[in-house]
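Peer 1: Below: one structure in structure tokens.
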Amino acid sequence: MNEQNETTPPPAEVPDEGELLQRARRRDRAAGDELVRRYHGRIYNLLYHMTASREDAEDLTQDVFVKAFAALHRFRGGSSFYTWLYRIAINHGINFLKKRGRRETLSLDNLDQAIERDPFYVELRARESPVREASLAELQNKLNVALQQLSDKHRTVVVLHDIQGLPHPEIASMLKTSEGTVRSRLFYARRQLQQALKEFAP
Amino acid sequence: MKCSDISKMYGLPETDPHHAEVQAHLRGCFICRARWDDQDALRRLIALKRYEQPAPGLEARCLAAIHLRLAAQPENTGWWRTTLSAWPVAFQPAQLVWAAAAAVLLLLGGVYVLTPPSGSPGPARPAPALALEGHILIQPPDAPPLTLPGVPPMVVAASNREPARMDYGPGAAVPVNYPY
Ligand SMILES: [Zn+2]
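Have a look at this one:
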């Protein structure tokens with residue numbers, strides 16, 4: 001037998017989510033931390049695209065986990081934990097936006113330079129389109145302003161589907177609505193975005 | 203399939219039973235094809251936002267803030283919560299309100315059944331030990347002198363005794379002479 005195999009520690013077992021939830025209900029901090037590690041990125045992302053503010057998104061992400069841990073005894077697994085957490089985040093985000101109102105100044109995250117290798121971006125740059133002339137920062141700003149012009153419910157489906165890539169049935173379950181409603185919201189939201197982004201849309 | 207139906211079909215997965223029908227319509231309808239392509243281009247343009255990255259250290263900041271906030275919350279592990287969380291069904295707040303209302307009704311019903319009819323003699327009403335009405339001290343005749351912590355005992359002048367002004371049992375309305 002290979003000696004190296006004997007000395008190499010076995011890979012750390014990834015704890016099962018059900019077990020993590022059980023432990024988190026008993027206020028096991030390590031289990032709670034693991035749940036935060038698994039989902040904070042996606043929850044932050046959702047709230048960032050909903051609010052166009054990195055500071056607000058960070059505060060709201062913390063709120064979502066604090067709320068979720070406080071209500072964990074009510075989660076019985078009718079849906080996945082991830083769907084349940086998303087529901088909390090969407091409701092919290094929409095309530096926050098209602099209180100905050102429309103904001104003109106955006107506080108944007110940095111763009112990963114990998115965008116320059118994105119096939120669609122490369123295609124846009126190659127065309128006779130304003131994208132060829134616009135800086136990445138300008139494009140990012142335009143996209144965010146356009147998204148902020150949508151109503152909260154239209155923006156939410158665009159973020160969940162077009163940015164986060166979630167399928168229609170999952171979005172319908174998160175929003176407790178039908179798949180048809182999700183599709184029709186997407187259709188009308190994109191039509192509105194087309195107006196706001198007509199200089200960039202091919 | 204009509205053109206008006208197509209707008210409800212954007213993003214339909216290939217596994218959907220209507221998918222083939224939609225594709226057939228798109229092959230034969232120039233207007234729907236153009237709209238479909240516009241929708242797809244918009245989706246891909248908006249999807250570029252996925253390259254926005256949170257500031258470094260987000261996980262550590264989130265964990266630290268969540269720990270602080272959870273530590274500041276009162277420990278909520280009362281017996282009722284433990285019992286409820288052991289039940290196989292999750293209680294919603296509305297269900298708890300209904301359950302509480304039902305419990306109150308049951309309790310009231312029990313009290314009604316156990317209460318004797320109004321005609322039967324009830325226990326004699328005891329005289330109030332002490333009551334203050336304005337500056338008049340109403341006191342049962344044989345009550346010991348009133349003492350309050352930090353206040354010297356009151357001296358009740360026997361000559362000031364008047365008939366009781368309130369009709370709730372044997373007692374006398376006594377003007378109080380404060381010794382200060
Ligand atoms: Zn058509």
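Chains as they are written, first to last, in the numbering used here: chain X, 1 to 202; chain L, 203 to 382. Glycine residues also receive a C-beta, built at the ideal position from the N, C-alpha and C atoms.
What would DSSP say about L:GLU216, mapped onto helix, strand or coil?
Peer 2: Three-state result, L:GLU216: coil.
Peer 1: Any residue with its Cβ nearer than 5 Å to a heavy atom of ligand 1 should be included. What is that list in chain order?
Peer 2: Chain-ordered list of matching residues: L:CYS205, L:CYS231, L:CYS234.
Peer 1: Around the Cβ of L:ILE340, are there at least 16 other Cβ atoms within 10 angstroms (buried) or fewer (exposed)?
Peer 2: Because L:ILE340 sits at a pLDDT of 49, beneath the cut-off of 50, its placement in the model cannot be relied upon, and the point is left open.
Peer 1: Can you list the residues of chain L that X:GLY180 reaches, using a CB-CB cut of under 9 Å?
Peer 2: Under the 9 Å cutoff, chain L gives LYS210.
Peer 1: Indicate the three-state DSSP secondary structure (helix, strand or coil) for X:GLU17 in the structure shown.
Peer 2: Correct three-state label for X:GLU17: helix.
Peer 1: From this set, X:LYS198, X:ALA201, X:ASP162, which residue's C-alpha is nearest X:ARG185's C-alpha?
Peer 2: Of the listed residues, the one whose Cα sits closest to X:ARG185 is X:ASP162.
Peer 1: If we ignore side chains and look at the alpha-carbon of each, how far apart do X:PHE65 and L:ARG235 end up?
Peer 2: Near 44 Å, if we compare the C-alpha coordinates of L:ARG235 and X:PHE65.
Peer 1: Let me see if you follow: with CB-CB separation under 7 Å, is X:LEU193 close to chain L or not?
Peer 2: It does; some Cβ of chain L falls within 7 Å.
Peer 1: What did DSSP end up calling X:GLN149 once you bin it into helix, strand or coil?
Peer 2: Coil at X:GLN149, not helix or strand.
Peer 1: Quickly, what does DSSP pair X:LEU111 with across the bridge? List them, please.
Peer 2: Partner(s): L:GLU254.
Peer 1: For the structure I just gave you, are there three or more beta carbon pairs, one from the segment 91 to 110 of chain X and one from the segment 238 to 248 of chain L, closer than 8 Å?
Peer 2: In short, these stretches do not touch, since the Cβ pair count stays below three.
Peer 1: Is the beta carbon of X:THR61 closer than 7 Å to that of L:CYS231?
Peer 2: No, these two residues do not count as a Cβ contact at 7 Å.
Peer 1: Going along chain L, which residues have a C-beta under 7 Å from X:ALA31?
Peer 2: Near X:ALA31 there are no residues of chain L at all, since even the closest Cβ is about 13 Å away, more than 7 Å.
Peer 1: Are the C-beta of L:GLN225 and some C-beta of chain X separated by less than 7 Å?
Peer 2: Taking Cβ atoms only, chain X never reaches closer than 7 Å to L:GLN225, which makes this a no.
Peer 1: For X:SER53, does the three-state DSSP call read helix, strand or coil?
Peer 2: X:SER53 falls in the strand class under three-state DSSP.
Peer 1: Got a sec: is the Cβ-Cβ distance from L:LEU309 to anything in chain X below 7 Å?
Peer 2: Chain X contact via Cβ: absent.
Peer 1: Quick one: what's got a C-beta closer than 6 Å to L:GLY280's C-beta in the same chain, skipping five residues either side?
Peer 2: Since pLDDT at L:GLY280 reaches only 48, below the 50 mark, its modelled position is unreliable, and no value is offered.
Peer 1: First and last residue of the alpha helix (DSSP H) that includes L:ILE198?
Peer 2: With chain L represented from 203 up to 382, any question about residue 198 of chain L goes unanswered, as that position is not in the structure.
Peer 1: Distance check for L:GLN255 and X:LEU111, CA to CA, integer angstroms please.
Peer 2: Those two C-alpha atoms are separated by around 6 Å.
Peer 1: Hey, how far is the Cα of X:PRO119 from the Cα of L:LEU250?
Peer 2: Each residue's Cα considered, the two are about 10 Å apart.
Peer 1: Assuming X:LEU72 contacts X:ARG25 under a Cβ cut-off of 8 Å, what Cβ separation, rounded to an integer in Å, is found between them?
Peer 2: With 8 Å as the limit, X:LEU72 and X:ARG25 qualify as a contact, their Cβ atoms being about 5 Å apart.
Peer 1: Confirm, please, whether the CB-CB distance from X:ARG155 to X:LEU147 is below 7 Å.
Peer 2: In contact: X:LEU147 and X:ARG155 (Cβ atoms closer than 7 Å).
Peer 1: Can you tell me whether DSSP reads X:LEU47 as helix, strand or coil?
Peer 2: Helix, per DSSP.
Peer 1: Given this structure, state the Cα-to-Cα distance separating L:ARG271 from X:ALA134, to the nearest angstrom.
Peer 2: The alpha-carbon atoms of L:ARG271 and X:ALA134 are separated by roughly 43 Å.
Peer 1: If we ignore side chains and look at the alpha-carbon of each, how far apart do X:VAL145 and X:MET50 end up?
Peer 2: Cα-Cα distance, rounded: 11 Å.
Peer 1: X:ASN45: which of L:TRP238, L:GLU261, L:LEU247 sits nearest, CA to CA?
Peer 2: Residue L:GLU261 is the option with its Cα nearest to X:ASN45.
Peer 1: Cβ closer than 9 Å: which chain X residues qualify as neighbours of L:ASP240?
Peer 2: Within 9 Å Cβ-Cβ: ARG190, ARG191, GLN194, ALA201, PRO202.
Peer 1: Would you identify the three-state DSSP class for X:SER178, choosing helix, strand or coil?
Peer 2: The answer is coil: DSSP assigns X:SER178 none of H, G, I, E or B.
Peer 1: Going along chain L in order, which residues have a C-beta closer than 8 Å to the C-beta of X:SER184?
Peer 2: Neighbours of X:SER184 on chain L, chain order: SER209, LYS210.
Peer 1: If you measure beta-carbon to beta-carbon, which residues of the segment 244 to 259 of chain L are closer than 7 Å to chain X?
Peer 2: Listed by position, the residues of the segment 244 to 259 of chain L near chain X (Cβ gap below 7 Å) are LEU244, ARG245, ARG246, LEU247, ILE248, ALA249, LEU250, LYS251, ARG252, TYR253, GLU254, GLN255, PRO256, ALA257.
Peer 1: Does DSSP classify L:GLN275 as helix, strand or coil?
Peer 2: Of the three classes helix, strand and coil, the one that applies to L:GLN275 here is coil, per DSSP.
Peer 1: Using a Cβ-Cβ cut-off of 7 Å, state whether X:THR105 counts as contacting chain L.
Peer 2: Chain L contact via Cβ: absent.
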